[in-house]
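Line by line, the protein sequences are chains W and X. Just so you know, we're using my numbering here: the first sequence kicks off at 17 and counts up by one. Just so you know, we're using my numbering here: the second sequence kicks off at 2 and counts up by one. C-beta: ideal position from N, C-alpha, C; glycine also. So the structure is just underneath, and the comments pick up after that.
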Amino acid sequence: MLIELKGVKKDYPLGRTVVHAIRGVNLEISEGDFTVIAGPSGSGKTTLLNLMGLLDHPTEGKLFFEGRDVSRISDRDATFIRRSRIGFIFQTFNLIPVLTAIENVELPLLLKRMKRKERRKRAEEALAAVGLGDKLYHKPDELSGGERQRVAIARAIAGMPDIILADEPTANLDSETGLSIIKLMKEMNREQGVTFVFSTHDARIIEIARRKIELLDGKVVSDVVQNSNS
Amino acid sequence: MLFKTAIRNIFKYLRRSLVIFICLIVSIVALQVSDSISEGFKRQSKILMLESAGMILIERKGNDPFDLIQEGIKNFDEVERRIKSVIPEIVAPAIVVNDTFSVNTLVIGTRRESLISTKLAKKLKADAGDTIVILSTNRAGGLSIKEVKIESVLTNGLFTGGVDLCIPIDKMEEFLLWDTGEVKQIRVNFNQYEKADSLSKLLSGMFPDLNITPWNERLKNLESLFRISDIKMYLFSFIVLLLTSGIIMNSVLSSVMERKKDLGTIRAIGSSRRFIIFLILTEVVIITFFSCLAGTFFSYIITRKLMQVGFHYESVAEMTQYIPPVLYPAINPLRWIVDVIFLFVWAIIWSIYPAVLIARMPPVKALREEI
């Protein structure tokens, strides 16, 4: 089991009130999964992904990463796990604007202290894998939305993580581009065995996922394995 | 890549970088130019003191300048002979103190001309070649009148504020009708600074009844004056640095807050807090480095210009002996290097808070707006 959540709750203080973003979620993510977390805005999708990505701590409950309890993990350890085991794809791409496509992809490899030559080779391969082998030296503002998200995917896969967490990766893309991005992710899942967990509320994309977890008001209301049509 | 990213960030956030850059240039120029003015003041005051009061001061032990019945230096001839044996170019160095009137004698190398200061020349409406009459009382209460031909008027800037009449001791003896036994103070003046200590020690051993003080010990008297100058400079520097720190911290803080999302992303994908701090501090170090280079260049230009023009303090200089009438800044490279290092450290110190603040921010918080 890659990630396991047991009775996880997450509360946020909001002025004098407390927002219960996640209300006791039990969940397991296995290696090789291609899972979508669906739900309306405010249902807790982002919070759940943040918890899984060790970007945040649960208020209650237990969170396990490969069997290790990481509910109260230190920032240093969480950083190490994120760096070595987890890839992130963000809704707004979150590429570093001053770096070129290849430098953006190289960045997590640099943080892993990989040698210059090797990380350059890996970054080139990752960008070639997402179809951007000819745009290595373009800066984010010289790329289209779809291309930027491809760079973000390349950045996430370059370090060969165990799991990639993608928070609404298609939200800022047109439907066709969004669909192609999800297909690309699916292809990587199938061919390279990369585990993907992503959130969306796009019905067409939800259909592609093998497993669908539906959230509503911070609770899992359904968790089904479906026959994807792609 | 850290360096490359830092350079690109500097150019991406050019306006803020320029604010820091200009602020640091102004600071370094302010520090270095004020340092040069202070240094010039110290150097000129020191030279004035040494030229007029001598490299070595010899007095009788227990000598009180306000004691009018004090005795002269009995063994003047022997002291003079010993001094000359060590430093032959010194000719008859002495100050002769009368009960009512004093005239300093200074050694002017091997020349034996009568020299007067520009101030005295102005007062007497006399010039080189003129003959002046000096009227004074001698120790015995008698009146002495003597004609002296002015060989030249000192205009080298060192004596312009002085009030000394510079004539050799034998002429002094001649026109004041004194003998060397009435000499109460000997001011030895020469250019070899390094000889002052050894000569003082030699004379001290030979003449235990005399107080023999080299220039560097008497320089302590000037230190209170220098201290006032230093306090003013430190106060000025403190204000400059305080303003600089505020601007630097504010600019770096704005800069990091503006790219909270980028820094949050870097944290999310696995960067340590230290990496973020290094990234921000690298930018500050680069800006500070170039600011210091440019600032030092501007300081040099400004100081050179001021060294030509000078600051005129004639009215103040008249009131005291050791304040130069025209103050010329002087560059002390060591002080300039210290200024640069200090500002470097100062800029980094005040950038640490914004850097740590953003580095300690949980990545989820930095990304929240975007997720």
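Worksheet item: Three or more beta-carbon pairs under 8 Å between the region 87-99 of chain W and the region 45-52 of chain W, yes or no?
Response: no
Worksheet item: Can a CB atom of chain W be found closer than 8 Å to the CB of V365(X)?
Response: Residue numbering aside, residue 365(X) sits at position 364 when the second sequence is read from its first letter. It does; some Cβ of chain W falls within 8 Å.
Practice prompt. Spell out the partners DSSP gives I38(W) in its beta bridges.
Written response: Taking the first residue of the first sequence as 1, we reach residue 38(W) at position 22. In the DSSP output, where bridge partners are listed per residue, I38(W) has K26(W).
Worksheet item: Which two residues bound the contiguous beta strand (DSSP E) that contains N217(X)?
Response: Along the second sequence, read from residue 1 onward, the residue named residue 217(X) stands at position 216. Premise fails: N217(X) lies in the alpha helix (DSSP H), 216-219, not in any beta strand (DSSP E).
Discussion item. Assuming D239(W) is part of the beta strand (DSSP E), what are its boundary residues?
Written reply: Translated into positions along the first sequence, residue 239(W) becomes position 223. Counting along the chain, the beta strand (DSSP E) containing D239(W) begins and ends at 235-241.
Worksheet item: Does the count of Cβ pairs from the region 56-63 of chain X and the region 188-197 of chain X closer than 8 Å reach three?
Response: yes
Worksheet item: Between which two residues does the beta strand (DSSP E) harbouring V86(W) extend?
Response: In the first sequence, counting from the first residue as 1, residue 86(W) sits at position 70. From DSSP, V86(W) is part of no beta strand (DSSP E); its letter is neither H nor E.
Worksheet entry | Selected residue, minimal CA-CA separation from T108(W), among L126(W), R164(W), P74(W) | Position 92 of the first sequence holds residue 108(W). Ranking L126(W), R164(W), P74(W) by Cα distance to T108(W) puts R164(W) first.
Fill in: Range covered by the alpha helix (DSSP H) that runs through Q208(W)
Numbered from its first residue, the first sequence carries residue 208(W) at position 192. Note, Q208(W): alpha helix (DSSP H), 191-208.
Worksheet item: Which residues in chain X sit within 7 Å of F104(W), going by Cβ to Cβ distance?
Response: Your numbering for residue 104(W) matches position 88 in the first sequence. Within 7 Å Cβ-Cβ: A269, I270.
Item to complete: Please look up how many angstroms separate the CB atoms of I112(W) and T266(X), rounded, as I've assumed it's under 8 Å.
Response: Translated into positions along the first sequence, residue 112(W) becomes position 96. Translated into positions along the second sequence, residue 266(X) becomes position 265. 7 Å between Cβ atoms; contact.
Fill in: R305(X) at chain W interface by Cβ criterion, 8 Å
As a working mapping, residue 305(X) is identified with position 304 in the second sequence. It does not; no Cβ of chain W falls within 8 Å.
Item to complete: Kindly identify the DSSP beta-bridge partner or partners of D183(W).
Response: Start at 1 with the first residue of the first sequence, and residue 183(W) comes out as number 167. According to DSSP, D183(W) bridges with S215(W).
Worksheet item: Would you say K262(X) faces chain C, with C-beta separation under 8 Å as the test?
Response: Included in the structure are the protein chains W and X, with no chain C among them.
Item to complete: Anything in chain X within Cβ reach of D93(W), meaning under 8 Å, just list it in chain order.
Response: Numbered from 1 along the first sequence, position 77 holds the residue referred to as residue 93(W). Per Cβ cutoff of 8 Å: no residues; D93(W) is ~11 Å from chain X at best.
Worksheet entry | K26(W) beta carbon less than 8 Å from that of T12(W) | Because chain W in this structure spans residues 17 to 246, residue 12(W) falls outside the shown range and cannot be described.
Worksheet entry | Residue of L67(W), E207(W), A187(W), G209(W) minimising C-alpha distance to I221(W) | What you label residue 221(W) is simply residue 205 of the first sequence in a count that begins at 1. Ranking the options by Cα distance to I221(W), first place goes to A187(W).
Fill in: Three-state class that DSSP yields for F276(X) in the structure shown
One-based indexing of the second sequence puts residue 276(X) at position 275. It is helical.
Fill in: Delimiting residues of the beta strand (DSSP E) encompassing L152(W)
The residue labelled residue 152(W) in the question sits at position 136 within the first sequence. That residue, L152(W), is in no beta strand (DSSP E); it is neither H nor E in DSSP.
Practice prompt. Can you check DSSP and say which residues form a bridge with L58(X)?
Written response: Position 57 of the second sequence, counted from the start, is the residue given in the question as residue 58(X). BP columns for L58(X) point to R188(X), T214(X).
Discussion item. Which residue marks the beginning of the alpha helix (DSSP H) containing E134(W), and which one marks its end?
Written reply: Counted from its first residue, the first sequence places residue 134(W) at position 118. Residues 132-145.
Worksheet entry | Beta carbon proximity, R16(X) to chain W, threshold 8 Å | One-based indexing of the second sequence puts residue 16(X) at position 15. It does not: the Cβ of R16(X) has no partner Cβ on chain W nearer than 8 Å.
Practice prompt. Give a yes or no on whether 8 Å exceeds the smallest Cβ distance from V34(W) to chain X.
Written response: Here residue 34(W) refers to the residue found at position 18 of the first sequence. Output row for V34(W): interface = no.
Worksheet item: Going along the chain, which residues of the region 113-141 of chain W sit with their C-beta nearer than 8 Å to a C-beta in chain X?
Response: P113, V114, L115, E119, E122, L123, P124, L126, L127, K128
Item to complete: Figure out for me which residue from L189(W), S238(W), L21(W), A182(W) has the closest Cα to the Cα of G83(W).
Response: Translated into positions along the first sequence, residue 83(W) becomes position 67. Among L189(W), S238(W), L21(W), A182(W), the Cα nearest to that of G83(W) belongs to L21(W).
Worksheet item: From V240(W) to S255(X), what distance separates their C-alpha atoms?
Response: On the first sequence, residue 240(W) is found 224 positions in, with the first residue counted as 1. On the second sequence, residue 255(X) is found 254 positions in, with the first residue counted as 1. Going from the Cα of V240(W) to the Cα of S255(X) covers about 47 Å.
Item to complete: Return yes when the Cβ of G234(W) is within less than 8 Å of the Cβ of S90(W), no when it is not.
Response: Start at 1 with the first residue of the first sequence, and residue 90(W) comes out as number 74. Start at 1 with the first residue of the first sequence, and residue 234(W) comes out as number 218. Cβ distance not < 8 Å, so S90(W) and G234(W) don't count as in contact.
Discussion item. Short of 8 Å Cβ to Cβ, which residues in the region 340-370 of chain X face chain W?
Written reply: P363, P364, V365, L368
Worksheet item: In chain X, which residues lie with their C-beta within 8 Å of the C-beta of S99(W)?
Response: Mapped onto the first sequence, residue 99(W) falls at position 83. The sequence shown places Arg at residue 99(W), rather than the Ser named in the question. Near R99(W) (Cβ distances below 8 Å), the residues of chain X are I270, G271, S272.
Practice prompt. Could you please tell me which residues of the region 64-87 of chain W, in chain order, have their CB closer than 7 Å to any CB of chain X?
Written response: N66, L71, D72
Practice prompt. Measure the CB-CB distance between F214(W) and P185(W) and report whether it falls below 8 Å.
Written response: Within the first sequence, numbered from 1, the residue matching residue 214(W) stands at position 198. Within the first sequence, numbered from 1, the residue matching residue 185(W) stands at position 169. Yes, the Cβ-Cβ distance between F214(W) and P185(W) is below 8 Å.
Worksheet item: Where L64(W) and D218(W) are concerned, what is the direct C-alpha to C-alpha distance, given to the nearest angstrom?
Response: For the purposes of this step, residue 64(W) is identified with residue 48 of the first sequence, where counting begins at 1. For the purposes of this step, residue 218(W) is identified with residue 202 of the first sequence, where counting begins at 1. Spanning the two alpha carbons is a distance of roughly 18 Å.
Worksheet item: Thinking C-beta only, is L32(X) closer than 8 Å to V241(X)?
Response: Within the second sequence, the letter at position 240 stands for residue 241(X). Within the second sequence, the letter at position 31 stands for residue 32(X). Taking 8 Å as the Cβ cut-off, V241(X) and L32(X) qualify as a contacting pair.
Item to complete: Taking all protein chains shown into account, decide if G144(W) is buried (16 or more other Cβ within 10 angstroms of its Cβ) or exposed.
Response: Residue mapping note: residue 144(W) aligns to position 128 of the first sequence, counting from 1. Note that residue 144(W) is Ala in the sequence shown, not Gly. Its Cβ having fewer than 16 others within 10 Å, A144(W) is exposed.
Practice prompt. Compare the C-beta of N110(W) against all C-beta atoms of chain X and say whether one is closer than 8 Å.
Written response: If you number the first sequence from 1, residue 110(W) lands on position 94. Yes - at least one Cβ of chain X is within 8 Å of the one on N110(W).
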